[in-house]
Amino acid sequence: MKKQGIALLMTLALLGSLSGCSFSLSSFSSSSGTASSSGGGVSSSSSDSSSSSSSSSASTSSSESSSSNSSEGGSSSGSSGSSSSSSSSEPVKRFTITFANWDGAELQKSDWDYGSTPSYTGSTPTKAEDTDCAYTFSGWNPAIVEVTGVATYTATFAGKKKLLFTLAADGKSYSVSGRNTIDPVIVIPSEYNGLPVTTIGDYAFKGFAALTSITIPDSVTSIGNYAFFGCTGLTSVTIPDSVTSIGWGAFFCCSALTSVTIPSSVTSIGVRAFSGCKGLASIIVDSANPNYQSIDGVLFSKDGKTLIAYPAGKSGSAYVIPSSVTSVGWCAFFGCTGLTSVTIPSSVTNVSYGAFYGCTGCAIYCEATSRPTDWDYHWNDYGGTAYWYSETSKTGCWHYVNGVPTLW
């Protein structure tokens, strides 16, 4: 029996070894009492020992698996953590971006983040005009792009001719037809593209209030209609001996103009050529001029029969038209707000449209007893108050008292 029991135990041990379970013979006593226990007892002891061995093995396996997983997981977490730490702690790269003017002068310099798009926040870059051209800002070179490194952007400009020219129909000369410049001092060239500049065109400088000085070359023969209309900053002008005609309203409302001299070459002066020039104190005419003359700073026809223009800035508040005059021209007294009294002699048979336009506050003493037939119906629109002559007392009429016009 003893041999059979030992054989059974060895068999069980072998089976346990094959199944991965630990089984020790020392669990049993070599005494016959222990070995002679019932089969059920031996079976129970063997089962307990196998269960314990299996649990131990599973625990070891689990521990190894956990250790392995922990090791792998720790490695992954460290890489991620390292990446996150690197991303959050690494500073954003910044680069210096410079904006410069065309001549290299620094306009703006600042640092910008990598990948951002820089912008210029200063005042619009400028480039001074030169002899021929005026310049306007057109953009940056190179074109602005996202920041990848240090960069400099330079202002660029589009150049335009300061003066605009138009070729004459015969292809032999040019006229000044306009401007691009804001330069207050303008010198008109005598030639353009190898041909003479002979004309200052109609409205060429109209409304150019900043203009203070204009130089007209000897090549110019004609100043067009309203060429300098509204050039309120123009203080003086020299008309060269080459000019033969001055157009309608050529210097109309040049309020800062103080004097003008008409050379002997001028044979034609248009209506309102110098009207509205509030600062104009006198109009001087070269004595050799065949068509015009100046009498006490007032412009007349050469024969003295037509009063053409009374300068609005002339000193004195009263004016008596000479008895040699038979006609008062269009807008002759336009805007003469400084006058309070004008006497029109009976010799005047014609007064043109708007002759006293804007002469507010002026008393106009007419030696005629009523409006003559050849006086324009609108001769005094928006002007002063007209009084007709009468030798007898009459409301709204006047007579002389010691040579002075006096209302009845």
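To convert, count from 1 in the sequence shown and add 59; that's the numbering used here. Backbone N, C-alpha and C define an ideal beta-carbon position, used for all residues, glycine too.
Exercise. Measure the C-alpha to C-alpha separation of G363 and D189 and round it to an integer number of angstroms.
Key: Between G363 and D189, the C-alpha separation is close to 47 angstroms.
Self-check item: Neighbourhood of R331 by C-beta distance below 7 angstroms, restricted to the same chain and skipping five residues each side
Solution: W307, G308, F311, W389, C390, F393
Quiz item: What three-state label does DSSP hand H458 in the structure shown?
Solution: In this structure, H458 counts as strand in the three-state DSSP scheme.
Quiz item: Quick one: what does DSSP say T465 is sitting in, helix, strand or coil?
Solution: strand
Quiz item: Quick one: is P184 buried, meaning 16 or more other Cβ sit within 10 Å of its Cβ, or exposed?
Solution: buried
Self-check item: Alpha-carbon to alpha-carbon, D170 and A193
Solution: 33 angstroms
Quiz prompt | Neighbour-count burial assignment, V357, 16 or more Cβ in a 10 Å radius | solution = Flag for V357 reads buried.
Quiz item: On the premise that N284 lies in contact with D261, defined as a C-beta separation below 8 angstroms, what is that separation, rounded to the nearest angstrom?
Solution: 5 angstroms
Self-check item: Closest residue to D242 among T419, T271, G375 (Cα-Cα distance)
Solution: T271
Quiz item: Between the beta-carbon of A217 and the beta-carbon of S197, is there less than 9 angstroms?
Solution: yes
Quiz item: Going straight from the alpha carbon of T176 to that of F267, what length do you get?
Solution: The straight-line gap from Cα to Cα measures roughly 41 angstroms.
Self-check item: Integer-rounded CB distance, given that I305 should sit under 8 angstroms from V279
Solution: Not really, about 11 angstroms apart at Cβ, beyond 8 angstroms.
Quiz item: Can the beta-carbon of T399 be found less than 9 angstroms from the beta-carbon of G420?
Solution: yes
Practice problem: Could you have a look at D170 and say whether DSSP puts it in helix, strand or coil? | Solution: strand
Quiz prompt | Inter-residue Cα distance where the pair is K186 and W161 | solution = 8 angstroms
Quiz item: Looking only at C-alpha atoms, which of V204, N200, F158, E205 sits nearest to S182?
Solution: F158
Self-check item: V463 classed as buried or exposed, judged by whether at least 16 other C-beta atoms fall within 10 angstroms
Solution: exposed
Practice problem: Just tell me which of S360, K265, P150 has its CA closest to the CA of L293. | Solution: K265
Self-check item: Residues bridged to K220 [DSSP beta-bridge criterion]
Solution: Within the DSSP bridge table, the entry for K220 names C192 as partners.
Quiz item: Going by other Cβ atoms of all chains shown within 10 Å of its Cβ, with 16 needed for buried, is P370 buried or exposed?
Solution: buried
Exercise. Indicate whether V204 and F154 have their beta-carbon atoms separated by less than 9 angstroms.
Key: no
Exercise. Taking I380 and P404 to be in contact with their CB atoms under 8 angstroms, please state how far apart those CB atoms are, rounded to whole angstroms.
Key: 6 angstroms
Quiz prompt | One or two residues paired with E250 in a DSSP bridge | solution = P255
Quiz item: Run through DSSP, which three-state label would R238 get?
Solution: strand
Practice problem: Please go through the same chain and pick out, in chain order, the residues whose beta-carbon is closer than 8 angstroms to the beta-carbon of I468, but skip the five residues on each side of it. | Solution: With the chain covering 60 to 467 only, the question about residue 468 has no answer from this structure.
Quiz item: What is the DSSP secondary structure of S304, reduced to helix, strand or coil?
Solution: strand
Quiz item: With a CB to CB cut of under 6 angstroms and the five nearest residues on each side skipped, what residues in its chain are close to K152?
Solution: Y173
Quiz item: In or out: W457 buried (at least 16 other Cβ within 10 Å) or exposed?
Solution: buried
Practice problem: Give the straight-line distance between the Cα atoms of V387 and F415, rounded to the nearest whole angstrom. | Solution: If you take the alpha carbons of V387 and F415, they lie about 10 angstroms apart.
Practice problem: Mark Y459 as exposed unless 16 or more other C-beta atoms lie within 10 angstroms of its C-beta, in which case mark it buried. | Solution: Exposed: under 16 other Cβ atoms inside 10 Å.
Quiz item: Which of the three DSSP states, helix, strand or coil, is assigned to R331?
Solution: coil
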